[in-house]
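Note that this note's numbering has the sequence shown beginning at 10, numbered continuously upward. By construction, the Cβ of each residue, glycine as well, lies at the ideal position given by its N, Cα and C atoms. What follows is a single structure, written as structure tokens, with notes after it.
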Amino acid sequence: MNGKHFTALLKFSAVIFFSVLIINGCKEAEQVIDGGIDPDPATGEESSFNGQIIDFITGSPIQDASVVVTGGPSELTLTTDTQGKYSGTFKLTAGVNLTLLTVKSGYLTDTTSIFLPKGKVVTVTIIEMEKQSTNTTPSGEPKSVWLKSLSSTVIGVKESGSEETSRIVFEVQDSAGVPIDLTHSVDVAFSFGSHPNGGEILNPPLVKTNNSGLAVVNLTSGFKAGVVQVIAEITRPGGAKISSLPVPISIHGGLPDSVHFTIATDLYNIPGWNYIITVPIFAYVGDKFSNPVRPFTSVYFETTGGIISGSALTNDGGVGSVNLITSAPNPVHPVFGPGFATITARTADEYLNTISKQMIVLFSGVPIIEVEPQSIDVPHLGSQSFNYIVRDQNQNPLSKGTSITVTVDGENVKVLGDTQISLPDTQSKFWTQFSFVIYDSNDSLNVVKSVSAKISVDGPNGTSSRTIYGIGR
């Protein structure tokens, strides 16, 4: 082999050697740089992330915010929708660390880091963006703290189906009323004044004011209804403490519970068989924690006698009311007979099951009087007993406020017994049966004389009387 051939062979071998080195070096570099990101998406597993961006103060979604995502196979720029939500997807062969840079005009830029595993879906912690301060005047030292805003003055107890958290914003100002800047930022401590003590939470309990002098705390309800007072307190340089006025927030109850559901009325014996009377019917509705249900809970009513308003909405105390009108039809109960009506109230519990309660009211009629014996014959130095009945035409008792009196007219006779009766609100037939005794009060004369006894009834059901006659000896 001559010198030219040998030189050419050396050059060719060198080219082959360095080519192999370059190829192997590129492959090795590709493996190091990859970090789990396969340049061929077809070989990776779909891995996605999603989240939401809200205003730090109001908690409202921020629309059209830009989210720039780096650290993945490629850079992504996402835009939030009307709900402040965004999402992105990569194909990965291994997990990667991503950086999310959030930008929105008028807000401070936010940076968030997440780890995205291969083949998984990650929900990013909610990003709260702070507005840029519009205050160009440098502030002084903090002098006061006051309520700036709150998302809701009313929340519901836990598991009530209502909003359970209120977002409260306090502002710290200097002596000129200027919100303090970051240079004068202070810690704001949050505490309760009066509260139901049912597990309510203030979170976080301590916050440093931002560039606008604002501090935000979330009140989350517990299991008791009532009024909560939230107080913000700061400590000035020098140790002096300054507190806000208490901020009141109402915690309402949850959904109806069968155990805490009652219906009632002011009058269970209504003089409505012959007359049209209007009486209120009440529903008392509580939740499973014995709190009044949230206001405007619907309760539906029906009756087997007269007519009744179809529904009622509960108030803050869990009470709803409707009117029962004793118009046609007059009720006839399958067990208790004429005059007795069944009123049913219905609502729905937290499981969407219908729960109901019933009560019975009496439509009583006009007064009827019966007495036995029907004549008087009182012996000398003796007495005579009488039983009498006062009831309506359906043999039911009369209404509350009915007065029953028994009077006797005659010489040397007196009466004892049920002579002055005022009826309670009752449906019991016990209050239809009474008695009295007429006796001779003169122990010396045995002379026949005329005697009469009058039973008088007066009340909401009407007026009636019955007189019996006879003699005394």
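- According to the DSSP secondary-structure assignment, ASP196 is paired through a beta bridge with LYS217.
- A straight line joining the alpha-carbon of GLU173 with that of THR52 spans about 46 angstroms.
- Linking ASN405 to PHE345 through their CA atoms gives a straight-line distance of about 10 angstroms.
- Taking the C-beta atoms as reference points, SER221 is found nearer than 8 angstroms to SER142.
- Taking a contact to require three or more Cβ pairs closer than 8 angstroms, the region 348–362 and the region 264–273 qualify as touching.
- In this structure, GLU180 sits away from PHE65, with a CB-CB distance that is not shorter than 8 angstroms.
- Assignment of LEU264 by DSSP, reduced to helix, strand and coil, places it in the coil class.
- Around the CB of THR312, 16 or more other CB atoms lie within 10 Å, so the residue is classed as buried.
- In this structure, the beta-carbon distance from GLY468 to GLY391 does not fall below 8 angstroms.
- Shown here, LYS438 sits in a helix according to DSSP, grouped into three states.
- Residue burial is scored here from C-beta neighbours: PRO151 has at least 16 other C-beta atoms within 10 angstroms and is therefore classed as buried.
- Boundaries of the beta strand (DSSP E) around ARG176: 174–182.
- For TYR478, the enclosing beta strand (DSSP E) covers residues 471–481.
- DSSP places HIS269 in the helix class (H, G or I) of the three-state scheme.
- Put simply, the region 228–242 does not touch the region 68–77. Fewer than three CB pairs are less than 8 angstroms apart.
- Around the beta-carbon of GLU381, fewer than 16 other beta-carbon atoms lie within 10 Å, marking it exposed.
- DSSP, reduced to helix, strand and coil, places LEU109 within a strand of the structure shown.
- Each of SER299, SER171 and VAL112 was checked against the Cα of THR271, and the nearest Cα belongs to SER299.
- Checking the DSSP bridge columns, you'll see TYR448 partnered with SER392 and LYS423.
- Using a Cβ distance threshold of 8 angstroms, TYR397 and VAL422 do not count as a contacting pair.
- Under the DSSP definition of a beta bridge, ASN59 partners with SER96 and THR132.
- It is roughly 51 angstroms from the alpha-carbon of VAL331 to the alpha-carbon of GLN182.
- The closest CA to that of THR441, considering only ASP401, LEU211, LEU110 and LEU361, is found on ASP401.
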